[in-house]
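First the structure, in the form of structure tokens, and then the observations on it.
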Amino acid sequence: MVALAPKYKYHWIYKALLQEKYDLVVSNEILTEYQEQISIRYGLEQTEASLDFLLLLPNVILKNPSFLWQLVENDKDDNKFIDCYIAGQSDYIISNDKHIHQIKNNRFPQILVLTYEEFEAQYKKEFE
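Each position in the sequence shown, counted from 1, maps to that position plus 32 in the working numbering.
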């Protein structure tokens, strides 16, 4: 979400997605949140165009969890990202959200959470 704005320092993440450097796993619940946030920031027309385009990318995978883990205690709304991560068998979650980072030390299920800066360092090692 934070990567969409062209002038934002994390825009390179969105560009890398467009270049198919990584896969993005999303759920309908995550897309609904993106829709709300994009419409607040950029307007309704931009929202529909952005989400439609996102879903057309071959490296964007729609995965709707059939089990809800409820691992995030302090911000229940963040559980949608954890559930999608597990359902999609993702490598990691990229987030600077403090509530999501609180569960990265779980023994089971084990969840790898990277900050944007950590992801950037890993990305540079792999692709540059």
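We put the CB at the ideal spot given by N, CA and C, even for glycine.
Neighbour-count burial assignment, residue i, 16 or more Cβ in a 10 Å radius
| i | result |
| --- | --- |
| residue 72 | exposed |
| residue 40 | exposed |
| residue 84 | exposed |
| residue 99 | exposed |
| residue 60 | exposed |
| residue 110 | buried |
| residue 30 | Summary: the structure shown does not reach residue 30, with the chain confined to residues 33 through 160, and so no result is reported for it. |
| residue 107 | exposed |
| residue 146 | buried |
According to DSSP, residues forming a beta bridge with residue i
| i | result |
| --- | --- |
| residue 143 | None, per the DSSP bridge assignment. |
| residue 56 | 92 |
| residue 125 | 145 |
Spatial neighbours of residue i in its chain, beta-carbon cut-off 8 Å, leaving aside the 5 residues before and after
| i | result |
| --- | --- |
| residue 50 | 89 |
| residue 48 | 54, 155 and 159 |
| residue 151 | 45, 124 and 126 |
| residue 144 | 123, 124, 125 and 136 |
Residue-level contact to chain B via CB, residue i, 7 Å cutoff
| i | result |
| --- | --- |
| residue 96 | In the displayed structure, chain B is absent; only one protein chain is listed. |
Residue range of the alpha helix (DSSP H) that includes residue i
| i | result |
| --- | --- |
| residue 46 | 43 to 50 |
| residue 111 | 111 to 119 |
Local conformation of residue i per DSSP, three classes
| i | result |
| --- | --- |
| residue 40 | coil |
| residue 84 | helix |
| residue 35 | coil |
| residue 159 | helix |
| residue 62 | helix |
| residue 154 | helix |
| residue 136 | coil |
Check: residue i C-beta below 6 Å from any heavy atom of the ligand SAM
| i | result |
| --- | --- |
| residue 58 | The ligand SAM is absent from the structure shown, which contains no ligands of any kind. |
Same chain, Cβ closer than 6 Å to residue i, five either side skipped, listed in chain order
| i | result |
| --- | --- |
| residue 35 | 42, 43, 45 and 46 |
Cutoff 7 Å; reference residue i; Cβ partners in own chain excluding five residues on either side
| i | result |
| --- | --- |
| residue 138 | 103 |
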